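Numbering (the numbering used here), first residue to last: 5 to 285.
Written as structure tokens, this is what we have:
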């Protein structure tokens, strides 16, 4: 069990987790290309077991053969299908395969001015990047150990991390920069034409950049995959850091995280006294 200290608020993780001294079994989504495929290879290179998933494994027979010949499994998973995650995990466990590590990697991006998003567009993305993983967790993924690494749903991840820490389940949120994957090519734009008021704005420029497919990635997916695996198992850069729950990846994410830190620090400087002034008598 984890040893959690929640008596005092602190930004430094204090929970300590235990990880079995045996090969771990990873369940990874979105493995047909990019970071997902790199993760499968890194997991196997580190001596662990991977259950890879993709929507249509038949489209990548060579990759399926590569992973399975090294002792892994590759299963079909439509992350947009209701209850697919839970059914997959239940089937694995009934067959004697317990999942130690869940990596929620599958996803796609959609770009639009917030006020112009259609409800169906938002719901479709949440089905892919959030609800399937929630179903998998409810279905029993990572029940005994150890890690659940989610790339998305950051606020929910922060809450989940606190809720399950006492069960020796660590939730790590990866804050990603850009990597040389298919993510940019798979980017979508909202169905509604961008309103004229947005022309020449940051929204307009970002949609144009993603639509053109000319985004230059700053990060290497293979290197990122190795870091992720090391952090999960407590090796390499993750040695002695098993309590950490936030993982920045990619050189271009660093200034963005620093910006968030600086904005909050600035808010404390400007309005800290105002916040204190509202204390109840």
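Every residue gets a Cβ at the ideal spot worked out from N, C-alpha and C, and that includes glycine. Please read these numbers as outputs of a predicted model, since none were measured by experiment.
Would residue i and residue j qualify as a contact pair, given that the criterion is a beta-carbon distance under 8 Å?
i: residue 290; j: residue 258; result: Here the chain covers residues 5 to 285 and nothing more, so residue 290 does not appear.
i: residue 2; j: residue 28; result: Because the chain here runs from 5 to 285, residue 2 falls outside it and cannot be looked at.
i: residue 87; j: residue 182; result: no
i: residue 247; j: residue 20; result: yes
i: residue 57; j: residue 93; result: no
i: residue 177; j: residue 225; result: no
i: residue 251; j: residue 179; result: yes
i: residue 233; j: residue 102; result: no
i: residue 223; j: residue 110; result: no
i: residue 46; j: residue 230; result: yes
i: residue 172; j: residue 282; result: no
i: residue 125; j: residue 84; result: no
Assign residue i to one of three DSSP states: helix, strand, or coil.
i: residue 83; result: coil
i: residue 177; result: strand
i: residue 246; result: coil
i: residue 283; result: coil
i: residue 203; result: coil
i: residue 192; result: strand
i: residue 62; result: helix
i: residue 276; result: helix
i: residue 116; result: coil
i: residue 252; result: strand
i: residue 183; result: strand
i: residue 106; result: strand
i: residue 239; result: coil
i: residue 56; result: strand
i: residue 9; result: In this prediction, residue 9 has a pLDDT of 47, which is less than 50 and means its spatial position is unreliable; what the coordinates show is noted afterwards. Residue 9: coil per DSSP, three-state reduction.
i: residue 223; result: strand
i: residue 26; result: coil
i: residue 31; result: strand
Tell me which same chain residues have a C-beta within less than 6 Å of the C-beta of residue i, skipping the five on either side of it?
i: residue 80; result: 61
i: residue 64; result: 36
i: residue 112; result: 190
i: residue 55; result: 31 and 77
i: residue 192; result: 114
i: residue 211; result: 115 and 193
Please work out which residues of its chain come closer than 7 Å, Cβ to Cβ, to residue i, disregarding the five sequence neighbours upstream and downstream, and give them in chain order.
i: residue 82; result: 59 and 88
i: residue 121; result: 194
i: residue 261; result: 179 and 252
Suppose the cutoff is 8 Å on Cβ atoms and the five residues either side in sequence are ignored; what does the same chain contact list for residue i look like?
i: residue 284; result: none
Contact between the region 56–74 and the region 35–45 (3+ Cβ pairs under 8 Å): yes
Sufficient close CB pairs (3 or more, under 8 Å) joining the region 266–280 to the region 187–202: no
Cβ contact check for the region 112–120 and the region 203–221: 3 or more pairs under 8 Å: yes
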